[in-house]
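Going down the list, the protein sequences come from chains A and B. Using my numbering, the first residue of the first sequence is number 393, and each one after it goes up by one. Using my numbering, the first residue of the second sequence is number 475, and each one after it goes up by one. Think of the CB as a built atom: it goes at the ideal place given N, C-alpha and C, for glycine as much as any other residue. To start, the structure itself, in structure tokens.
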Amino acid sequence: MKLPADTAPDPQQEDLVLCADVLAGNSRSFAVLAEKYRKRIFSLGYGFFRNPDDAEDFLQDVLVKMYVSLASFRGESRFSTWLMRVAYNTAINSKKRKREYTSLAEDFDVIDTANNPEQECLLRSSRDAIREAVAELPERYRVCVDLFFFYDMPYADISEVTGQPVNTIKSHVFRAKKMLRERLDEGV
Amino acid sequence: MKEFNVNCSKAFDHYIALDKHERVPLPVMVHLVFCPVCRAAVRQMAAAETLLSRPLSVQLTKSNLSDDPVLSAALDTIAAAGLSYPVRDPVAKRVSLLRWFLVGILLAGGFALFPFTSSGIWMQIEFGNAFVVPFYILCGCAVTAYGGLFVGTNIDLFVKRFKTLKTGF
Numbered sequence: 393m394k395l396p397a398d399t400a401p402d403p404q405q406e407d408l409v410l411c412a413d414v415l416a417g418n419s420r421s422f423a424v425l426a427e428k429y430r431k432r433i434f435s436l437g438y439g440f441f442r443n444p445d446d447a448e449d450f451l452q453d454v455l456v457k458m459y460v461s462l463a464s465f466r467g468e469s470r471f472s473t474w475l476m477r478v479a480y481n482t483a484i485n486s487k488k489r490k491r492e493y494t495s496l497a498e499d500f501d502v503i504d505t506a507n508n509p510e511q512e513c514l515l516r517s518s519r520d521a522i523r524e525a526v527a528e529l530p531e532r533y534r535v536c537v538d539l540f541f542f543y544d545m546p547y548a549d550i551s552e553v554t555g556q557p558v559n560t561i562k563s564h565v566f567r568a569k570k571m572l573r574e575r576l577d578e579g580v
Numbered sequence: 475m476k477e478f479n480v481n482c483s484k485a486f487d488h489y490i491a492l493d494k495h496e497r498v499p500l501p502v503m504v505h506l507v508f509c510p511v512c513r514a515a516v517r518q519m520a521a522a523e524t525l526l527s528r529p530l531s532v533q534l535t536k537s538n539l540s541d542d543p544v545l546s547a548a549l550d551t552i553a554a555a556g557l558s559y560p561v562r563d564p565v566a567k568r569v570s571l572l573r574w575f576l577v578g579i580l581l582a583g584g585f586a587l588f589p590f591t592s593s594g595i596w597m598q599i600e601f602g603n604a605f606v607v608p609f610y611i612l613c614g615c616a617v618t619a620y621g622g623l624f625v626g627t628n629i630d631l632f633v634k635r636f637k638t639l640k641t642g643f
């Protein structure tokens, strides 16, 4: 039976319950949390390291940090935002990190899913526009544009993760959206 | 076909300045209703943004997770360092807001209607103020205690809502 929309489980509430479960010693809940966010953490790592092996090592590091620091998570922000901040700081401070952050638009295949031809065309134009937009940005702002478009994060959450001012993030995303609009107008 | 004009540019700039899941302002909405060019462009932008974020959209999976080598390695590292959390009783499930409201309405409604029931009328006639005063004190205490319990057990929700109103996000 399908649940009505207002009684469907709230993902943030679910995360809080899972966190409380992990703190109560339930490793199964930790596995569920890890599975839920592994793709996001891996992708962020891939953007920083450009290497699947290093990205997997990074994922493991972040999972250990997530477990160990979970007691310090007070639920003041969303769990996903807190976790992305842990992941971002881990990547920034990693000794393995030799390269600048590269947008997922450069190598979208690492997270790509099957689409129909029409969607594929729209996606290609969108990726090109994002790639063009981030190419002109300094490294520390590239990740902000990625977090908005690929990770579906609002400005305030991006600011919390990266420590960049909300207005700076807004202006870079605005510019990227304008490019996206122009590209879609031309190409699709 | 109608061209993109100055009004369209203004409306579209407003639209693309919006945050994720932010409500479209009324003037932009009105423009979109009357402008098929902008409507099509907005639809296309929204479709593009959905497609870009879809691969990393978060969904709770209940698959068998024991075979995942990265997760197993992380759990091994945690166990080897002696960092595992001690097992405690399972966490009590939170009562949904809908239930809180329904029970609250029932409680307040019960207290409000009791004086008009046959038992309530009889007690008022029989005992007068000796019934009425303690009854309303009991009502006040019960409603206050229920409200306090509701706020106390959902304090994180109120803090979050308060912050949202304060920051506008």
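Restricting to Cα atoms, I'd like to know which of the options is closest to residue i.
| i | options | result |
| --- | --- | --- |
| Arg466/A | Phe636/B, Arg635/B and Asp630/B | Asp630/B |
| Leu584/A | Arg432/A, Phe471/A and Asp445/A | Limits of chain A in this structure are 393 at one end and 580 at the other, which puts residue 584/A out of reach. |
| Trp574/B | Gly626/B, Arg513/B, Asp550/B and Gly556/B | Gly626/B |
| Leu500/B | Val511/B, Pro510/B, Ala485/B and Lys494/B | Ala485/B |
| Gly622/B | Gly578/B, Arg497/B and Met519/B | Gly578/B |
| Glu427/A | Ser483/B, Asn603/B, Ser593/B and Val532/B | Val532/B |
| Glu523/B | Tyr438/A, Arg491/A and Pro546/A | Pro546/A |
| Ser527/B | Val424/A, Asp445/A, Ile522/A and Asp407/A | Ile522/A |
| Asp413/A | Asn485/A, Arg532/A and Leu425/A | Leu425/A |
| Cys613/B | Ile599/B, Glu600/B and Ala582/B | Ala582/B |
| His505/B | Tyr489/B, Ala619/B and Glu600/B | Tyr489/B |
| Asp446/A | Gln518/B, Cys509/B and Val544/B | Val544/B |
| Ala483/A | Glu448/A, Arg516/A and Ser469/A | Glu448/A |
| Glu528/A | Phe434/A, Glu510/A, Ser461/A and Met571/A | Met571/A |
| Lys487/A | Gly437/A, Leu515/A, Glu498/A and Ala568/A | Gly437/A |
| Ser481/A | Phe542/A, Gln405/A and Ile433/A | Sequence inspection shows Asn at residue 481/A; the Ser mentioned does not correspond to that position. Of the candidates Phe542/A, Gln405/A and Ile433/A, the one whose C-alpha sits nearest the C-alpha of Asn481/A is Ile433/A. |
| Phe440/A | Ala568/A, Phe541/A, Ser464/A and Arg532/A | Arg532/A |
| Phe500/A | Phe542/A, Ser469/A, Val460/A and Glu524/A | Phe542/A |
| Ala423/A | Gln518/B, Val516/B, Phe605/B and Ile552/B | Ile552/B |
| Phe624/B | Ser570/B, Met503/B and Arg562/B | Ser570/B |
| Tyr620/B | Leu576/B, Leu525/B, Glu600/B and Cys509/B | Leu576/B |
| Ser469/A | Gln556/A, Gln405/A, Arg573/A and Lys569/A | Gln405/A |
Could you please give the first and the last residue of the uninterrupted alpha helix (DSSP H) stretch that includes residue i?
| i | result |
| --- | --- |
| Gln452/A | Pro444 to Ser461 |
| Gln556/A | No alpha helix (DSSP H) holds Gln556/A; DSSP gives it neither H nor E. |
| Gly334/A | Nothing can be reported for residue 334/A, as the shown portion of chain A is limited to 393 through 580. |
| Tyr533/A | Glu531 to Phe541 |
| Tyr480/A | Phe471 to Asn485 |
| Asp407/A | Pro403 to Leu415 |
| Val526/A | Pro509 to Ala527 |
| Ser570/B | Neither: Ser570/B is in no alpha helix (DSSP H) and is coded neither H nor E. |
| Ser546/B | Pro543 to Ala554 |
Could you pull out every residue in the same chain whose Cβ sits closer than 7 Å to the Cβ of residue i, ignoring the five residues on either side in sequence?
| i | result |
| --- | --- |
| Leu475/A | Tyr429 and Met458 |
| Asp520/A | Arg575 |
| Glu578/A | none |
| Val558/A | Tyr547, Ala548 and Ser551 |
| Pro396/A | Its pLDDT being 44, under 50, Pro396/A is placed unreliably in this model, and the value from its coordinates should be taken loosely. Cβ neighbours of Pro396/A beyond the five flanking positions: none. |
| Ser421/A | Leu410, Asp413 and Val414 |
| Phe588/B | Gly594 |
| Arg513/B | Leu506 |
Excluding the 5 residues flanking residue i on each side, which residues of the same chain have their C-beta closer than 8 Å to its C-beta?
| i | result |
| --- | --- |
| Leu341/A | Nothing can be reported for residue 341/A: it is not among the residues displayed for chain A, which extend from 393 to 580. |
| Ala616/B | Leu581 and Phe585 |
| Thr399/A | Since pLDDT at Thr399/A reaches only 48, below the 50 mark, its modelled position is unreliable, and no value is offered. |
| Asp402/A | none |
| Leu462/A | Cys411, Val414 and Leu415 |
| Val502/B | Ala485, His488 and Tyr489 |
Please list, in chain order, all residues of the same chain as residue i whose beta carbon is under 6 Å from its beta carbon, the five residues on each side excluded.
| i | result |
| --- | --- |
| Val526/A | Ser495, Arg534 and Val537 |
| Glu512/A | none |
| Ala520/B | none |
| Phe636/B | none |
**OP:** Just list the alpha helix (DSSP H) runs in the segment 490-541 of chain B, keeping only unbroken ones of 4 residues or longer that don't cross its boundaries, in chain order.
**Re:** The segment 490-541 of chain B contains these whole alpha helix (DSSP H) runs: 500-508 and 510-527.
Original post:
Counting pairs of Cβ atoms below 8 Å between the segment 554-566 of chain A and the segment 527-539 of chain A, do you hit three or more?
Top reply: Under the three-pair Cβ rule at 8 Å, the segment 554-566 of chain A counts as touching the segment 527-539 of chain A.
Original post:
Fully enclosed by the segment 581-605 of chain B, which alpha helix (DSSP H) runs are 4 residues long or longer?
Top reply: For secondary structure counted as the alpha helix (DSSP H) over 4 or more consecutive residues, the segment 581-605 of chain B holds these complete runs in sequence order: 592-601.
Subject >> Any 3 or more C-beta pairs closer than 8 Å across the segment 541-558 of chain B and the segment 448-459 of chain A >> reply: Output reads yes: the segment 448-459 of chain A touches the segment 541-558 of chain B.
**OP:** For the segment 505-521 of chain A and the segment 544-559 of chain A, state whether three or more C-beta atom pairs, one from each stretch, are separated by less than 8 Å.
**Re:** The segment 505-521 of chain A is not in contact with the segment 544-559 of chain A.
Subject >> At least three beta-carbon pairs within less than 8 Å, the segment 402-422 of chain A to the segment 550-559 of chain B >> reply: In short, these stretches touch, since the Cβ pair count reaches three.
Original post:
Is the segment 488-499 of chain B touching the segment 488-495 of chain A, taking contact as three or more C-beta pairs under 8 Å?
Top reply: Taking 8 Å as the limit for Cβ pairs, the verdict is that the segment 488-495 of chain A does not touch the segment 488-499 of chain B.
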